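Numbering (the working numbering), first residue to last: 424 to 950.
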């Protein structure tokens, strides 16, 4: 105990002696040159000397801190990797004479800004950082609890982690939706179902290095301020935080603010023609720069969630056959093996994959249907589950927008009933939206192919002239129509958002409980 106290006193004596020596030397120089150096300037010089003299031991302490802590956040892992790779210290080095002022400015920026987005400064180590900065300001160190080298390591690491937590979170989001949402639904055959496939910008080590390089700026806070989302809805949500004091309301705001930090690589906004589908509202909006119209949708049930994605509508298919997905074939259709009435009632037929032969339902077993050697499809026509129209776009799920033979489903309050695809209420209105430059004759040919009446003079005349023919559509038969240019489509998930058609704020149920997942991941940042 006496030995420890003696070491502590020796450290303080060394610093006091150093400060006295510096003061004496600088005052002698000042007298000689008629220049008076302030005590603050002398302390700054001593601090730089301490940083230089203690750098090697502080580096060892930093390595020990990193190895003894498990980083649960991506931002912290990136910072630890930065130092483990031997990169230069960012804040405390013998070239950064004003590191205290710069660090304090950054910390005060974080204290103010994180509270504006509903977070607590504690999650950004502000108390610990300011305490350690005060030790450097007053040169209050000892060789045990507050050693120079230990304080240097803690301060450098905490400053960088706080800085990158904020920078990475504001630039890319405080959680990664790919890593969270795609580990929720386990598959029977192993692994997890992919439910989030929106292409978003991802954090990287290069961004970490770029951000930390900006710590050398005269005011690093300017770099941090420029990272926040500029989406107008984000800023409006941020304003709503100042007026909504209810726990549920604030959580809903924070979850939807977080979504708007995930920056899509496929850019869409109100100045661009696109299709926006929101799962919680069970609605689709067809958006042009000068107009918006909406329609109801039916989307995936809890066990067969519609994946969130972004793509471009490229093709319209008319009168499709439905090739029943393997999961539906295995879990539902195979239960009716041998039941010819079931297959006839649903317009299903069975085909051997290798031979192409059509197989009678009464000659098939459940095991055979589940073997993968057979496919089951539904004939095109008014009873087809896909209806008469499909809107196709590239994605890994074989998900698409389509018509339906069950129009009554759009009257349900809860319309999460599909196997994953999106059924839309007014498919021909969607055709007109996608093909807004098409001639009326082109639209009439599509109408007649799906048993709708033509509306243009040429279409009406064609129908009159060919009504009595054996195949009245022979000269105008269409199966596929290209969409040019391709139209962006986004299937997303917002529980609080301004209605794109009316501009009024609306709230919707958390149908897939994704808000709960976001709230759990941002909880470490909450007060």
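Virtual Cβ for every residue (Gly too), placed ideally from N, Cα, C.
Predicted, not measured: the structure shown is a model, and the values here were computed from it.
{"Query": "Could you check which residue in 546, 539 and 478 has the C-alpha nearest to that of residue 949?", "Result": "546"}
{"Query": "According to DSSP, is residue 536 helix, strand or coil?", "Result": "helix"}
{"Query": "Run the CB neighbour count on residue 925, radius 10 Å, all protein chains shown included, and call it buried at 16 or more, exposed below.", "Result": "exposed"}
{"Query": "Quick check on DSSP: helix, strand or coil for residue 690?", "Result": "coil"}
{"Query": "Does residue 579 pass the burial test, meaning 16 or more other C-beta atoms within 10 Å, or should it be called exposed?", "Result": "buried"}
{"Query": "Which first and last residues belong to the alpha helix (DSSP H) in which residue 817 is found?", "Result": "Note, residue 817: premise wrong, no alpha helix (DSSP H); not H, not E."}
{"Query": "Provide the residue span of the beta strand (DSSP E) that contains residue 723, from first to last.", "Result": "715-723"}
{"Query": "Alpha carbon to alpha carbon, how far is residue 867 from residue 876?", "Result": "8 Å"}
{"Query": "Tell me the DSSP secondary structure of residue 542 in three-state form.", "Result": "coil"}
{"Query": "DSSP three-state call for residue 860: helix, strand or coil?", "Result": "coil"}
{"Query": "Write down the C-beta distance between residue 741 and residue 847 rounded to the nearest angstrom, noting that I regard them as a contact closer than 8 Å.", "Result": "Their Cβ separation, rounded to whole angstroms, is 15 Å, which puts residue 741 and residue 847 out of contact at 8 Å."}
{"Query": "Cutting at 7 Å between CB atoms, please list the residues of its own chain near residue 947, excluding the five before and the five after it.", "Result": "546"}
{"Query": "Grab me the residues of residue 758's own chain with a C-beta within less than 8 Å of its C-beta, minus the 5 sequence neighbours each way, in chain order.", "Result": "789"}
{"Query": "Nearest to residue 760 by CA position, among 734, 793, 776 and 730, is which residue?", "Result": "793"}
{"Query": "Short check: CB of residue 918 to CB of residue 928, under 8 Å?", "Result": "no"}
{"Query": "Around the Cβ of residue 593, are there at least 16 other Cβ atoms within 10 angstroms (buried) or fewer (exposed)?", "Result": "buried"}
{"Query": "Within its chain, find whatever has a CB closer than 8 Å to the CB of residue 447; leave out the 5 residues flanking it on each side and keep chain order.", "Result": "Reliability of the predicted coordinates at residue 447 is poor, the pLDDT of 42 falling under 50, and no value is obtained from them."}
{"Query": "Buried or exposed for residue 505, please, with buried defined as at least 16 other CB atoms from any protein chain shown within 10 angstroms of its CB.", "Result": "buried"}
{"Query": "Report the option in 808, 591 and 748 whose CA atom is closest to the CA atom of residue 768.", "Result": "808"}
{"Query": "For the candidate residues 751, 558 and 716, whose alpha-carbon lies nearest to that of residue 857?", "Result": "716"}
{"Query": "Have a look at residue 783 and residue 799 and give me their C-alpha separation to the nearest angstrom.", "Result": "11 Å"}
{"Query": "Excluding sequence positions up to five away, which residues of its chain have a Cβ less than 8 Å from the Cβ of residue 615?", "Result": "605, 606, 607, 608 and 609"}
{"Query": "In terms of residues, what are the limits of the beta strand (DSSP E) holding residue 927?", "Result": "Segment: none, residue 927 is in no beta strand (DSSP E) and carries neither H nor E."}
{"Query": "The alpha helix (DSSP H) with residue 589 in it runs from where to where?", "Result": "571-595"}
{"Query": "Given residue 765, which residues of its chain have a CB within under 6 Å of its CB, disregarding the five upstream and five downstream residues?", "Result": "759"}
{"Query": "Who are the Cβ neighbours of residue 938 in its own chain at under 6 Å, not counting the five residues just before and after it?", "Result": "678 and 918"}
{"Query": "Alpha carbon to alpha carbon, what distance is there between residue 508 and residue 436?", "Result": "For residue 436, the pLDDT reaches just 45, beneath the cut-off of 50, and the residue's location in the model is therefore unreliable, although a value from the coordinates is still provided. Rounded to the nearest angstrom, the two C-alpha atoms are 36 Å apart."}
{"Query": "With the cut-off set at 8 Å, would you say residue 733 and residue 710 are in Cβ contact?", "Result": "no"}
{"Query": "Name the two residues that bound the continuous beta strand (DSSP E) containing residue 915.", "Result": "903-915"}
{"Query": "Taking the alpha carbon of residue 819 as the reference point, which residue from 730, 834 and 829 has its own alpha carbon closest?", "Result": "730"}
{"Query": "Please state whether the Cβ-Cβ distance between residue 934 and residue 702 is less than 8 Å.", "Result": "yes"}
{"Query": "Could you round the C-beta distance between residue 872 and residue 901 to whole angstroms and report it? I think they count as a contact, below 8 Å.", "Result": "5 Å"}
{"Query": "Kindly indicate which residue of 891, 630 and 861 has the alpha-carbon position closest to the one of residue 908.", "Result": "861"}
{"Query": "Please state whether DSSP places residue 529 in a helix, a strand or coil.", "Result": "helix"}
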